Amino acid sequence: IGDVSCDPTGPYNSLPIYTQATTFDKPLVKVNESAHNLYVMAIDHLPSLLPKESSEDFSAQLLPYLLDMSGTAWQHADDWFQRFIRQAITAH
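Residue numbers (our numbering): 44 to 135.
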């Protein structure tokens with residue numbers, strides 16, 4: 044998970060599954076020990092330090108993996124997203 048809001052100790056932490064920011068030298072922190080390991084990247088100054096090209100490159104590398112994801116949880120999330128997008132378009 045990449046948390047660009049990076050507010051691990053704040054009262055409005057949107058991802059209360061980790062307790063400290065990560066760094067460029069150590070960008071990931073493991074947040075569980077299950078069979079499906081989960082890591083968080085939360086570099087607190089990442090958005091201000093990396094240029095647009097880095098974001099474009101990262102998203103280009105990530106997209107094939109996202110498109111390859113399948114299963115009911117992913118499909119369920121996409122169904123909800125598409126439903127709310129249609130509602131928003133209809134409402135406006």
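Glycine is no exception: its CB is placed at the ideal position from the N, C-alpha and C atoms.
Keep in mind that this is a model prediction, so the values were computed, not measured.
Do you know whose CA, among the options, lies nearest residue i's CA?
| i | options | result |
| --- | --- | --- |
| T66 | L81, G45, S57 | G45 |
| S48 | Q118, L89, K73 | L89 |
| A85 | H79, K95, V74 | V74 |
Can you pull the DSSP bridge partners for residue i?
| i | result |
| --- | --- |
| M112 | None, per the DSSP bridge assignment. |
| I128 | In DSSP, I128 forms no bridge with anything. |
| Y82 | K73 |
| G45 | M84 |
What does the alpha-carbon distance come out to for the pair residue i and residue j?
| i | j | result |
| --- | --- | --- |
| L105 | E99 | 10 Å |
| A83 | A131 | Here residue 83 turns out to be Val, not Ala, going by the sequence shown. Taking the straight line from one Cα to the other gives about 31 Å. |
| I128 | P59 | 27 Å |
Just to check my reading of the structure: residue i and residue j have Cβ atoms closer than 8 Å, yes? What is that Cβ distance to the nearest angstrom?
| i | j | result |
| --- | --- | --- |
| A145 | P51 | With the chain running from 44 to 135 in the structure shown, residue 145 is simply not present. |
Taking DSSP as the reference, what is the three-state secondary structure of residue i?
| i | result |
| --- | --- |
| T65 | strand |
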